[in-house]
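J.: Got a structure for you, written out below as structure tokens; questions coming shortly.
Protein chains in written order, with our numbering: chain A, 44 to 230; chain B, 151 to 343.
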């Protein structure tokens, strides 16, 4: 009994020390900037930027191969944060300010093919085959992958409606809420 | 020398770990879409399997048997295999970032590849010496790599050919795997009883 405890503890400890030393020796230097940029990006790996995922996009931005406006779903806030991180002066006026979007399925058009739910990177589309689908707005990131996938053309991206739960005071001096663009509370 | 030659021949072809002993079927079906990936996976598994079998032999004769705790064999082997896989992951990340990206999730999953644990346990059962153990592990892994590459090549050609609709995708892959397994049974006649 004692041998078993001591033996296994020694083995586990020895392997732990070995792996710790190996991790120090074989450490791969990756740019700390890449990690920071990846943290700013949404991290859904939707692929709209044309890179295989957010990590690849972050690497491209860090190398200067991609512009700070690389992330379509991130929109203006992400582009702004990236420009700040990289100390770049970027003219964001041409960048369409759409605000956060959410996908909406038109129930009269939906044929229940499940093509959109298979494309969705966050599994926000619900509905079985041959049933009308719906979108869980809380899970939807507005990446737009489903819009292109829908054969019936029944999915649109809409701005998130401002409700009592999501409305907040406009920032002082701007005169409008950054979320809705018009500051009008709709129910 | 001939003994070692037959040991390797036996593990690669006659007692092939995938097609005759049916171990390690998960990566066999999972990572065999492309020849390059299959080869990379085979290489990584070869590294892990050879090291794990050698480490398993050392542990069995240096720790488990002297302390009389052979009943903890499976537990200790899993511990060692997990550590070796972690080490392999670090090495691959250092020397080939491309392969690291291609293998992706399947690299840490070598830990749960039953071929690795299975070969290490079979090796103890067969009472091999240290050199034989290393060769046994290496031969089994070489057999694994060979079968992975063969199967990936077959699947690459299958993807381009006209398959009846009911059989497209996974079904025809399973049928191919079965035919490949039957073909490998032919090697049983290689060694006279």
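In this text, a Cβ means the ideal position worked out from N, Cα and C, and glycines have one as well.
As the structure is a prediction and not an experimental result, all values here were calculated from the model.
For residue 202(A), does the three-state DSSP call read helix, strand or coil?
T.: strand
J.: Against chain A, which members of the stretch 231-259 of chain B pass a CB distance test of less than 8 Å?
T.: 233, 236, 237, 240, 241, 243, 244 and 247
J.: Report the rounded CA-to-CA distance for residue 207(A) versus residue 192(A), giving the unit in angstroms.
T.: 33 Å
J.: Which residues mark the beginning and the end of the beta strand (DSSP E) in which residue 147(A) is found?
T.: 144-148
J.: When we look at the beta-carbon of residue 130(A) and count the other beta-carbons within 10 Å, is it buried (16 or more) or exposed?
T.: exposed
J.: Shortest alpha-carbon distance to residue 55(A) belongs to which of 238(B), 213(B) and 321(B)?
T.: The candidate whose alpha carbon is nearest that of residue 55(A) is 213(B).
J.: Strictly under 8 Å for the Cβ-Cβ distance: is residue 274(B) near chain A by that measure?
T.: no
J.: Restricting to Cα atoms, I'd like to know which of 128(A), 95(A), 81(A) and 158(A) is closest to residue 196(A).
T.: Closest in C-alpha terms to residue 196(A), from the list 128(A), 95(A), 81(A) and 158(A), comes 158(A).
J.: Do residue 101(A) and residue 219(B) have their beta-carbon atoms positioned less than 8 Å apart in this structure?
T.: no
J.: Tell me which residue opens and which closes the alpha helix (DSSP H) that residue 159(A) is part of.
T.: 158-162
J.: Would you tell me roughly how many angstroms separate the C-alpha atoms of residue 288(B) and residue 263(B), rounded to the nearest one?
T.: 16 Å
J.: Verify the CB distance criterion: does residue 50(A) have a CB-CB separation below 8 Å to chain B?
T.: yes
J.: Quick check: residue 91(A) and residue 115(A), are their CB atoms within less than 8 Å of each other?
T.: Taking 8 Å as the Cβ cut-off, residue 91(A) and residue 115(A) qualify as a contacting pair.
J.: Closest Cβ-Cβ distance between residue 71(A) and chain B: below 8 Å?
T.: yes
J.: Just verifying my parser: in three-state terms, what is the DSSP assignment at residue 196(A)?
T.: coil
J.: Where does residue 332(B) land, buried or exposed, given buried means 16+ other C-beta within 10 angstroms?
T.: exposed
J.: Can you confirm whether residue 219(B), when its beta carbon is compared against all beta carbons of chain A, has any partner nearer than 8 Å?
T.: yes
J.: Since residue 279(B) contacts residue 162(B) with CB under 8 Å, what's their CB separation in whole angstroms?
T.: Contact flag wrong, Cβ pair sits at about 19 Å.
J.: State the start and end residues of the unbroken alpha helix (DSSP H) segment that holds residue 53(A).
T.: 45-68
J.: Need the endpoints of the alpha helix (DSSP H) that residue 331(B) sits in, please.
T.: 320-335
J.: Tell me, please, whether the CB atom of residue 47(A) is closer than 8 Å to any CB atom in chain B?
T.: yes
J.: Would you say residue 226(B) reaches chain A, if we count a Cβ-Cβ gap shorter than 8 Å as a contact?
T.: yes
J.: Are the Cβ atoms of residue 230(B) and residue 209(B) separated by less than 8 Å?
T.: yes
J.: Quick one, which residues of the stretch 146-158 of chain A are near chain B if we go by CB-CB under 9 Å, in chain order?
T.: none
J.: Do residue 189(A) and residue 198(A) have their C-beta atoms within less than 8 Å of each other?
T.: yes
J.: Starting from residue 119(A), trace the alpha helix (DSSP H) both ways and give me its first and last residue.
T.: 118-128
J.: Under 9 Å between beta-carbons, which chain A residues line up against residue 229(B)? List them in chain order, please.
T.: 51, 54, 55 and 58
J.: Taking 8 Å as the CB-CB limit, is residue 65(A) close to chain B?
T.: yes
J.: Are the beta-carbon atoms belonging to residue 76(A) and residue 105(A) less than 8 Å from one another?
T.: Result yes, Cβ atoms of residue 76(A) and residue 105(A) sit closer than 8 Å.
J.: So residue 256(B) is in the alpha helix (DSSP H); what residue range does that whole segment cover?
T.: Counting along the chain, no alpha helix (DSSP H) covers residue 256(B), and no H or E run does either.
J.: Check this for me: beta carbons of residue 308(B) and residue 326(B), under 8 Å apart or not?
T.: yes
J.: Enumerate, from N- to C-terminal direction, the unbroken alpha helix (DSSP H) stretches of 4 or more residues contained entirely within the stretch 73-99 of chain A.
T.: 75-83
J.: For chain A, is any of its Cβ atoms less than 8 Å away from the one on residue 169(B)?
T.: no
J.: Within the same chain, show all residues whose beta-carbon is closer than 6 Å to that of residue 162(A), passing over the 5 residues directly before and after it, in chain order.
T.: 188, 189 and 192
J.: Under the three-state reduction of DSSP, which class applies to residue 177(A): helix, strand or coil?
T.: strand
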